[in-house]
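Each protein sequence line maps, in turn, to chains A and B.
Okay, so the first sequence: first residue is 10 according to our numbering, each after it adds one.
Okay, so the second sequence: first residue is -13 according to our numbering, each after it adds one.
Here's the structure, in structure tokens; my notes come after.
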Amino acid sequence: MSGNLHISQSCLIETNKAILNGKVVFDEPDLNAGDFLLALYKHLPINYPKFYKMDKQCKLGFLAGELLFNDADVFKEYAKDEIAIVLYNANASLEADRNYYKTVDEMASPALFLYTLPNILIGELCIRHGIKGETIFFVEEKFDAASMIDYVNLLLEQNIAKACLCGWVDFLDNDYKACLLWVEKDKNGEMFSKEIIDKLYNQYYG
Amino acid sequence: MHDLKVQIIAQLNLQDLTPEEIGDDQPLFAEGLGLDSIDALELIVLLQQQYKVKLASAEEGQAVFRSIRTMAEYITNHQPAG
């Protein structure tokens, strides 16, 4: 069925650039990863204090979501339980796990423990955008567009969801990448195909 | 109050915030700094570790943790002598 599925919007955040629908919207080449995420947050017209509490992976995915959904009309035609989220990465929550583990010898930190699961990011996105549909977070060695197409197809074909936020969000050490796609049925946009998804995923490298 | 803000930033891992960005009377929870029940736990630990101050009851927490100023006043009034 992926023939009627289209990518209405796409967002890539990688190597200190944020790209929305193919256009660079933010570029700060001289910052480390953490400072880049903070600079991007401050660049956006939002005030969301909970951002400061998030681990870096959640900050990364949250910001990609903000860019993608900066226009509230994007998903107003759907009930909140008709929107699914399907995310992938390679390092689960290893960055947060390590930071939490450093605290265990003295006083284990509940604030850090909170982020020691990758699907916490999905929770943050659901809270922010009010999404209540089906969600899942896969951990795979590398990005596999075919696997994502299969799963999103299943959700939309069986009417488990009518639209889907899907993609890759991974942060470890100073290395990070978020590539989020907003996928709908019978809409304008690029085809939800392996070729297009791979092109969007790798667009930073031309 | 500046020191308390520095300690809260460290305890709650809010490293992207500066003490100057936290108002003395800004609400710490919900629409203010966005803290939640997990953070309340961290604040209780902070009071005990840094100031040897224990909350008399859970109900008291709501008033004590309203803002930096209310926390500072509680610490001043309840810190053991010496």
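Beta carbons: idealized from backbone N, C-alpha and C, even for Gly.
Shown here for glutamine 18 (chain A): same chain residues with a beta carbon closer than 7 Å to its own, the five before and five after excluded, namely Asn30, Leu77, Val83 and Trp191 in chain order.
The shortest C-alpha to C-alpha distance from leucine 21 (chain A) to any of A:Lys59, A:Asn183 and A:Asp179 is the one to A:Asp179. Across the set A:Leu209, A:Ile94 and A:Leu53, the C-alpha of A:Leu209 shows the shortest separation from the C-alpha of alanine 154 (chain A).
A buried status is given to histidine 15 (chain A), since no fewer than 16 other beta-carbon atoms sit within 10 Å of its beta-carbon.
Under the Cβ criterion (8 Å, minimum of three pairs), the region 28 to 35 of chain B does not count as touching the region 199 to 214 of chain A. Counting only runs that start and end inside the region 47 to 102 of chain A, the beta strand (DSSP E) elements of at least 3 residues fall at 92 to 98. Considering only beta carbons, the part of the region 56 to 83 of chain A lying closer than 7 Å to chain B consists of Pro58, Lys59, Tyr61 and Lys62, in chain order.
In this model, glycine 47 (chain B) and glutamine 65 (chain B) are separated by some 16 Å (Cα to Cα). Within the DSSP secondary-structure output, phenylalanine 147 (chain A) pairs in a beta bridge with A:Tyr97. Apart from sequence neighbours up to five positions away, the residues of its chain that approach arginine 55 (chain B) with a beta-carbon distance below 8 Å are Met(-13), Asp10 and Asp11, ordered along the chain.
Within chain B, the C-beta atoms nearer than 9 Å to that of leucine 121 (chain A) come from Asn(-1), in chain order. By alpha-carbon distance to aspartate -11 (chain B), the top candidate from B:Tyr37, B:Leu41 and B:Gly20 is B:Tyr37.
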